[in-house]
Structure formats: structure tokens, C-alpha cells
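A.B. asks: Structure below; questions to follow.
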Amino acid sequence: MEIIMSFRVYLVLFAVVLLSVPLFAQSPGFAKDPAISPDGNEVCFVYANDLWKVSFKGGIASRLTDTSASEWGPIWSPDGQWIAFKSNREGRT
Numbered sequence: 012m013e014i015i016m017s018f019r020v021y022l023v024l025f026a027v028v029l030l031s032v033p034l035f036a037q038s039p040g041f042a043k044d045p046a047i048s049p050d051g052n053e054v055c056f057v058y059a060n061d062l063w064k065v066s067f068k069g070g071i072a073s074r075l076t077d078t079s080a081s082e083w084g085p086i087w088s089p090d091g092q093w094i095a096f097k098s099n100r101e102g103r104t
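First residue of the sequence shown: 12, per this note's numbering; consecutive thereafter.
So, in C-alpha cells, the structure goes:
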């Protein structure tokens, strides 16, 4: 009886691990590529392959891109009005 219970416990643990792998594989990961605005008030960063912007003091981030392509490497213009970035989008951009 004890062997059967032990086997069931291992089987349940194996199923949980096996089913959770796709969830972790789809995780967007961490924020990366931070770029601070010239005036120091905002930071642009990459999260889940899209660009986001948030006040340097904190708050709710605004999503700047929402495409199936990946964006990375944001760079602020000297006046802080524009953000240039790299992307793997197709077509003319």
C-alpha cells in the first residue's frame, strides 16, 4: 500500500512539472534594455518583446508597441520627444 501511495505522489508531481513547462516557456521574462530619457524623468524598457515607458519615480507603465514582432534597444532622441528602436518587423519601416 505504501509503495502505491508513493508511486501516486511521484506521478502527480511528474504531471505537475510536465504541465507547468509550457507555462514557463511562454513567460515574457524580465524587463531589459532600460533607456533613461534625457531629462531623467522617464525610462523606456523592453518587456515581452515590446517597448514600455514609465515615470522614473514609478507608476503604471505605458505600452508603446504591441506587435507580433520583437522590439529592443530603445534610444531617446536628444530632445526626449522620440524613441528609436530596433525591430524584426517585415516590410518598409
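All residues carry an ideal CB built from backbone N, CA and C; glycine is no exception.
Kindly indicate the opening and closing residues of the beta strand (DSSP E) around P70.
C.D. replies: According to the sequence shown, residue 70 is Gly rather than Pro. Premise fails: G70 is in no beta strand (DSSP E) and is neither H nor E.
A.B. asks: Please state the DSSP three-state secondary structure of F96.
C.D. replies: Here F96 sits in strand by DSSP.
A.B. asks: Let's test the definition: count the other Cβ atoms within 10 Å of the Cβ of F41 and tell me whether it reaches 16, buried, or not, exposed.
C.D. replies: Flag for F41 reads exposed.
A.B. asks: Thinking P49 and W93 are a contact (beta carbons under 8 Å), I'd like their distance in whole angstroms, please.
C.D. replies: No, P49 and W93 are not in contact; Cβ-Cβ is about 11 Å, not under 8 Å.
A.B. asks: For P85, does the count of other Cβ atoms within 10 angstroms reach 16, so buried, or fall short, so exposed?
C.D. replies: Buried.
A.B. asks: Could you tell me if E82 is buried or exposed, where buried requires 16 or more neighbouring beta carbons within 10 angstroms of its beta carbon?
C.D. replies: It is buried - the Cβ of E82 has at least 16 other Cβ atoms within 10 Å.
A.B. asks: The beta strand (DSSP E) that contains A46, what's its start and end?
C.D. replies: A46 -> beta strand (DSSP E) spans K43 to I47.
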